[in-house]
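Novice: Quick one: this structure, given as structure tokens, is what I'll be asking you about.
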């Protein structure tokens, strides 16, 4: 696969993830968009380590996977707790930290 | 590289971008997570194309098998809360949204056009690239301390998730 195609796919995925974070109001879809941005970064890691024949990038993909799993566990726990206090999953309604 | 595989890769990338756009376009969160599952599977196929089959398998196991299942659990848990979001309408104007969409697509097209001039990939890969053996050696010998650190991070994340998820903190 060409490096240019990989870069383009990765950038498009990252842009879609940013749009999701900025526009979606459902906290869970918001979180899915963050995961999508992590996946875009992973794709770049794999593409460039293929390009230069160096597998350090593949090792970093593991670390990104672990960070994504940890982030999903903690983030979903936070969302569950927020839902208990506010009874909504709309991120526009989460304003507990507004002074 | 033959033309047929090239076209297949372009179709794969097109489907991947389409399914990732589907994640933010569909209304129900369960459909969004199914679109994300499709994205992950297509991404695994791309990893196989990029000579990293072990990463592809890990991707399917960890993302589709673990993270997405937690997501679906939480979505099922909040079933009636998702309808409440529809009650508060969005305040953004449709003209601005369409302008943003057109700008986004135009900048993606410009990017694709400018990426065309990049040189082709090096075709000769070192022996054993991307296999479990060499990856394991790199992970457990060269990256031993970062690996231990990430184990610690994961432990802290598990304890933190349990603590936050308790009924009263």
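Chains as they are written, first to last, in the working numbering: chain A, 168 to 266; chain B, 27 to 195.
Just so it is clear, CB atoms sit at the ideal spot from N, CA and C, and this is done for glycine as well.
As the structure is a computational prediction, the values presented were derived from the model and not from experiment.
1) Of the residues that make up the stretch 49-79 of chain B, which ones have a beta carbon closer than 8 Å to any beta carbon in chain A?
2) Against chain B, with Cβ distances strictly below 8 Å, would residue 203 (chain A) count as a contact?
3) Whose C-beta lies closer than 6 Å to the C-beta of residue 56 (chain B) among residues of the same chain, with five residues either side of it excluded?
4) My output table needs one value for residue 296 (chain A): the three-state DSSP class, helix, strand or coil.
5) Output the boundary residues of the alpha helix (DSSP H) element that contains residue 79 (chain B).
6) With 8 Å as the threshold, decide whether the Cβ of residue 100 (chain B) is near any Cβ in chain A.
7) Can you find at least 3 beta carbon pairs, one from the stretch 67-86 of chain B and one from the stretch 31-40 of chain B, that sit closer than 8 Å?
8) Using the C-alpha atoms, what's the distance from residue 80 (chain B) back to residue 161 (chain B)?
9) How many angstroms separate the CA atom of residue 163 (chain B) from the CA atom of residue 234 (chain A)?
10) Closer than 8 Å between beta carbons: that is the criterion. Which residues of the stretch 230-248 of chain A meet it against chain B?
11) What are the partner residues of residue 257 (chain A), as DSSP defines its beta bridges?
12) Can you tell me where the alpha helix (DSSP H) holding residue 162 (chain B) begins and where it ends?
13) Contact between the stretch 173-193 of chain B and the stretch 233-248 of chain A is defined here as three or more beta-carbon pairs at a separation below 8 Å; is this criterion met?
14) As a quick exercise: from B:64, B:83, B:62, B:61, pick the residue whose alpha carbon is nearest that of residue 158 (chain B).
15) Roughly how many angstroms lie between the CA atoms of residue 184 (chain A) and residue 154 (chain B), to the nearest whole one?
16) Between which two residues does the alpha helix (DSSP H) holding residue 100 (chain B) run?
17) Since I believe residue 93 (chain B) is in contact with residue 202 (chain A) (beta carbons under 8 Å), could you give me their beta-carbon distance rounded to a whole number of angstroms?
18) Anything in chain A within Cβ reach of residue 135 (chain B), meaning under 9 Å, just list it in chain order.
19) Could you have a look at residue 152 (chain B) and say whether DSSP puts it in helix, strand or coil?
20) Starting from residue 169 (chain B), trace the alpha helix (DSSP H) both ways and give me its first and last residue.
21) In whole angstroms, what separates the C-alpha of residue 207 (chain B) from that of residue 108 (chain B)?
22) Looking at chain B, is there any beta carbon in it that lies within less than 8 Å of the beta carbon of residue 206 (chain A)?
Specialist: According to the data block:
1) 49, 50, 55, 58, 59, 62, 65, 66, 69, 72, 73, 75, 76, 77, 78
2) In the first chain, residue 203 (chain A) corresponds to position 36, counting from 1. Yes, residue 203 (chain A) lies at the interface with chain B (some Cβ there is under 8 Å from its Cβ).
3) Numbered from its first residue, the second chain carries residue 56 (chain B) at position 30. Here the set comprises 101.
4) Any answer about residue 296 (chain A) is impossible in this case: the structure gives chain A only from 168 up to 266.
5) By 1-based counting over the second chain, the position of residue 79 (chain B) is 53. From DSSP, the alpha helix (DSSP H) with residue 79 (chain B) extends over 79-85.
6) Here residue 100 (chain B) corresponds to residue number 74 of the second chain, with the count starting at 1. Judged by the 8 Å Cβ criterion, residue 100 (chain B) is in contact with chain A.
7) Contact between the stretch 67-86 of chain B and the stretch 31-40 of chain B is present, because at least three Cβ pairs lie under 8 Å.
8) Within the second chain, residue 161 (chain B) is the residue found at index 135, counting from 1. Within the second chain, residue 80 (chain B) is the residue found at index 54, counting from 1. A direct Cα-to-Cα measurement between residue 161 (chain B) and residue 80 (chain B) gives close to 9 Å.
9) In the second chain, residue 163 (chain B) corresponds to position 137, counting from 1. In the first chain, residue 234 (chain A) corresponds to position 67, counting from 1. The alpha-carbon atoms of residue 163 (chain B) and residue 234 (chain A) are separated by roughly 21 Å.
10) 230, 232, 233, 234, 235, 236, 237, 238, 239, 240, 241, 243, 244, 245, 246, 247, 248
11) Start at 1 with the first residue of the first chain, and residue 257 (chain A) comes out as number 90. Answer by DSSP bridge pairing, in chain order: A:193.
12) Sequence index remark: in the second chain, residue 162 (chain B) carries index 136 (1-based). Where residue 162 (chain B) is concerned, the enclosing alpha helix (DSSP H) stretches over 158-163.
13) yes
14) To locate residue 158 (chain B), count along the second chain from 1; it is residue 132. Nearest C-alpha to residue 158 (chain B): B:83.
15) As a first step, residue 184 (chain A) must be located in the first chain, where it is residue number 17. As a first step, residue 154 (chain B) must be located in the second chain, where it is residue number 128. Looking at the two C-alpha atoms, the distance is approximately 34 Å.
16) The residue you call residue 100 (chain B) lines up with position 74 of the second chain. It spans 94-103 - the alpha helix (DSSP H) in which residue 100 (chain B) sits, taken as one unbroken run.
17) As a first step, residue 202 (chain A) must be located in the first chain, where it is residue number 35. As a first step, residue 93 (chain B) must be located in the second chain, where it is residue number 67. Residue 202 (chain A) to residue 93 (chain B), Cβ: 7 Å. Contact.
18) Looking up residue 135 (chain B) in the second chain gives position 109. Close to residue 135 (chain B), with beta-carbon spacing below 9 Å, lies no residue of chain A; the smallest spacing is near 10 Å.
19) The sequence position of residue 152 (chain B) within the second chain is 126, counting from 1. Looking at residue 152 (chain B) - three-state DSSP - the assignment turns out to be coil, as it is neither helix nor strand.
20) As a working mapping, residue 169 (chain B) is identified with position 143 in the second chain. Residue 169 (chain B) -> no alpha helix (DSSP H), and no H or E assigned at all.
21) With chain B covering 27 to 195 only, the question about residue 207 (chain B) has no answer from this structure.
22) For the purposes of this step, residue 206 (chain A) is identified with residue 39 of the first chain, where counting begins at 1. Chain B, which has a Cβ nearer than 8 Å to the Cβ of residue 206 (chain A), makes this yes.
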